[in-house]
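Residue numbers (this note's numbering): 63 to 281. We put the CB at the ideal spot given by N, CA and C, even for glycine. Please read these numbers as outputs of a predicted model, since none were measured by experiment.
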Ligand SMILES: [Zn+2]
C-alpha cells in the first residue's frame, strides 16, 4: 500500500515538474528566448579589442600540430528542418529548396537548414561562454511570424559596445566563430576545436569580421 502511495506521489511530482517546464517559454527572461542576452561586468570597447587583435598580429605564431587526415565522411544536411520560435511559439518549416515569393525562382536554402541542424544548439550554448563582451544571439530570422520578409535566414551575433550607439551585427555566425571569439577574448594563442589545434593568429581576418573591428583602423 505504501509502495503504491509512493508511486502516486512520484507520478504527481513528475507531472508537476512537467507542467512547470511548459510555462518557462512564456517568461521573457528565461533561457531560450529568441535573443539570448548574456551580461557580465567590464565590457571591452572597440579600441581595446583592436589593441588585443594587434597584440596577436605581432605575436609569434604558436606551434600547432598539422591537421589530422579527414577520415570521417561528411554527411549532407537534411532536406528539411523545423524551427520553433521560443519568443512567439510559432513553428516554421524550412526546406532546402523553396520558391521565392518575389521572383518565383527556386532558392537553395541549404545554409538555413545547416544552421538549424548543426549550429543553433551549439551557438545557444556557446554564446553564454563569451567573456568580456555584451553579446546576444539573434535567431529571429528563422521565424516566419517574427521575420515575415526574410527569405534566406541566418543566425546573427550582436555585440553591444559600451561606447557605440549602434550594435555590431555579424550575420551567419557559426559555433566555430564563437569558439574563435571565446578563445581570443580569453587571450589564448591556440585551442583545440575538437578535431585539430587552431592558432588564433591564423584567423585574424575572420575575427575582424566577427567583432566588427579592423586591426589597422585606429579611431
Ligand atoms: Zn517568432
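Between residue i and residue j, what straight-line distance do the alpha-carbon atoms span, to the nearest angstrom?
{"i": "residue 200", "j": "residue 229", "result": "12 Å"}
{"i": "residue 219", "j": "residue 203", "result": "12 Å"}
{"i": "residue 267", "j": "residue 162", "result": "33 Å"}
{"i": "residue 168", "j": "residue 109", "result": "44 Å"}
{"i": "residue 190", "j": "residue 243", "result": "12 Å"}
{"i": "residue 277", "j": "residue 116", "result": "6 Å"}
{"i": "residue 141", "j": "residue 121", "result": "44 Å"}
{"i": "residue 158", "j": "residue 174", "result": "8 Å"}
{"i": "residue 253", "j": "residue 151", "result": "37 Å"}
{"i": "residue 226", "j": "residue 107", "result": "9 Å"}
{"i": "residue 179", "j": "residue 147", "result": "15 Å"}
{"i": "residue 210", "j": "residue 166", "result": "17 Å"}
{"i": "residue 114", "j": "residue 156", "result": "39 Å"}
{"i": "residue 118", "j": "residue 160", "result": "43 Å"}
{"i": "residue 231", "j": "residue 275", "result": "12 Å"}
{"i": "residue 212", "j": "residue 255", "result": "32 Å"}
Of the choices the options, whose alpha-carbon is the least far from that of residue i?
{"i": "residue 215", "options": "126, 221 and 206", "result": "206"}
{"i": "residue 272", "options": "122, 170 and 239", "result": "239"}
{"i": "residue 143", "options": "234, 171 and 225", "result": "171"}
{"i": "residue 258", "options": "185, 243, 269 and 127", "result": "127"}
{"i": "residue 247", "options": "263, 153, 226 and 139", "result": "263"}
{"i": "residue 261", "options": "113, 193, 117 and 125", "result": "125"}
{"i": "residue 177", "options": "166, 233, 149 and 195", "result": "233"}
{"i": "residue 237", "options": "255, 192, 181 and 111", "result": "181"}
{"i": "residue 188", "options": "111, 235 and 208", "result": "235"}
{"i": "residue 193", "options": "212, 221 and 184", "result": "221"}
{"i": "residue 217", "options": "185, 160, 112 and 197", "result": "185"}
{"i": "residue 153", "options": "105, 250 and 208", "result": "208"}
{"i": "residue 241", "options": "119, 265, 137 and 224", "result": "265"}
{"i": "residue 245", "options": "145, 156, 155 and 195", "result": "195"}
{"i": "residue 223", "options": "213, 197 and 212", "result": "197"}
{"i": "residue 123", "options": "250, 256 and 111", "result": "250"}
{"i": "residue 145", "options": "270, 138, 112 and 183", "result": "183"}
Using a threshold of 8 Å, is the CB atom of residue i nearer than that to any non-hydrogen atom of ligand 1?
{"i": "residue 166", "result": "no"}
{"i": "residue 156", "result": "no"}
Identify whether residue i lies in helix, strand or coil by the three-state DSSP scheme.
{"i": "residue 154", "result": "strand"}
{"i": "residue 277", "result": "coil"}
{"i": "residue 196", "result": "strand"}
{"i": "residue 238", "result": "helix"}
{"i": "residue 120", "result": "helix"}
{"i": "residue 219", "result": "strand"}
{"i": "residue 177", "result": "helix"}
{"i": "residue 250", "result": "coil"}
{"i": "residue 207", "result": "coil"}
{"i": "residue 126", "result": "coil"}
Answer with yes or no whether the minimum CB distance from residue i to chain B is below 9 Å.
{"i": "residue 159", "result": "Judged by its chain identifiers, the structure shown contains no chain B, having just a single protein chain."}
What residues come near ligand 1, if near means a beta carbon less than 6 Å from any of its heavy atoms?
That gives 147, 149, 150, 152, 205, 207 and 208.
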